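The next block holds one structure in the form of structure tokens; read it before the comments.
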Amino acid sequence: AQSVTQLDSHVSVSEGTPVLLRCNYSSSYSPSLFWYVQHPNKGLQLLLKYTSAATLVKGINGFEAEFKKSETSFHLTKPSAHMSDAAEYFCVVSERGTGNQFYFGTGTSLTVIP
Amino acid sequence: NAGVTQTPKFQVLKTGQSMTLQCAQDMNHEYMSWYRQDPGMGLRLIHYSVGAGITDQGEVPNGYNVSRSTTEDFPLRLLSAAPSPTSVYFCASSYVGRVNEQFFGPGTRLTVL
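Quick note, the sequences are listed as chains G and W, same order.
Counted from 1, the first sequence has number 122 at position 22 by the numbering used here; the numbering is strictly sequential.
Counted from 1, the second sequence has number 97 at position 92 by the numbering used here; the numbering is strictly sequential.
Below, the structure is given as structure tokens:
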């Protein structure tokens, strides 16, 4: 069975400092993993995805994530936070055999302090 | 190319009322799905479809019906609303067989009084 755990419900950083949003997953087979961002009252935008190619994945807006199979983790990072990064972030897992079904984490709310 | 569109954007219902949320996509995607997002929670799958005429239940299907008469449209019918704070309903679409990103609509914000 697939599941996703986002280890922090809220993260607060100062502008210009690094961002780390943590995600652990459970999957029976080779998973595909995604990070989506949701700005207030907006829809979901794909930040990046891992689908069994390079384990270090670069996404939009300077975000990247590393797939670590031994740790079953897919943490999202950014070297320097910007005010516009304040949003809700969702880690998502999908795997072959479940078709296109996505399993969402409960989300991490990122606050950026000026 | 409009992507995934949803109507209405906002809706307020009274307890016991029913309504249909509309979803359409113009990308010729076979797979379409509906999710609900409750306050402080991630998205949960309600129903999905892998093509016209084919639908199946997701994680939280009770109280909802869907149909898929065309590739483009995937309406969600809420049968009898229960009081709840604002939930957001998202429609998504993608190609079948490619575990790839799903394209999400902008959402419908629903409040039941």
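Don't be surprised by glycine CBs; every beta carbon is placed ideally from N, CA and C.
All values reported here derive from a predicted model rather than from experimental measurement.
Contact fails between the stretch 13-33 of chain W and the stretch 202-211 of chain G, because fewer than three Cβ pairs, one in each stretch, are under 8 angstroms apart. For I160/G, no beta strand (DSSP E) encloses it, and the DSSP letter there is neither H nor E.
Segment contact: the stretch 34-41 of chain W against the stretch 49-65 of chain W, three or more CB-CB distances shorter than 8 angstroms; contact assigned. For Y69/W, same chain residues with a beta-carbon under 8 angstroms away, outside a window of 5 residues either side, are W39, I51, H52, L81, R82, L83, L84 in chain order. H110/G is bridged by DSSP to S209/G. For the stretch 172-198 of chain G, the continuous beta strand (DSSP E) assignments of 3+ residues that do not extend past its boundaries occur at 173-178, 187-195, in sequence order. At least one CB atom of chain W sits nearer than 8 angstroms to the CB of F190/G.
Among the residues facing chain G, P111/W is included, as its CB has a counterpart in that chain under 8 angstroms away.
The beta carbon of T208/G does not come within 8 angstroms of any beta carbon belonging to chain W, so the residue lies off that interface. Listed along chain G are F190, F204, G205, T206, G207, each with a C-beta nearer than 7 angstroms to that of G47/W. Proximity to S99/W across E77/W, L115/W, V93/W peaks at E77/W, based on C-alpha coordinates. In the three-state reduction of the DSSP assignment, K168/G falls in the strand class, which pools E and B. DSSP, reduced to helix, strand and coil, places H52/W within a strand of the structure shown.
Straight through space, the alpha carbons of T60/W and T75/W are spaced by roughly 12 angstroms. Residues of chain G whose Cβ lies closer than 9 angstroms to the Cβ of L50/W are, in chain order, Q201, F202, Y203, F204. Rounded to the nearest angstrom, the gap between the Cα atoms of A181/G and A187/G is 12 angstroms.
Under the 8 angstroms criterion on CB atoms, F95/W is classed as interfacial with respect to chain G.
The beta carbon of V113/G is closer than 8 angstroms to those of V119, A181, L210, T211, V212, I213 in its chain, skipping five residues each way along the sequence. Residue environment: T25/W is assigned as exposed (fewer than 16 neighbouring CB atoms within 10 Å of its CB, all protein chains considered).
Residue environment analysis places L148/G among the buried positions, since at least 16 neighbouring C-beta atoms fall within 10 angstroms of its C-beta. By the C-beta density criterion, A86/W is buried, having at least 16 other C-beta atoms within 10 angstroms. Excluding its 5 nearest sequence neighbours in each direction, P90/W has C-beta neighbours in its own chain below 6 angstroms: P44, listed in chain order. For F134/G, the residues of chain W that pass the 8 angstroms Cβ criterion are E106, in the order they occur in the chain.
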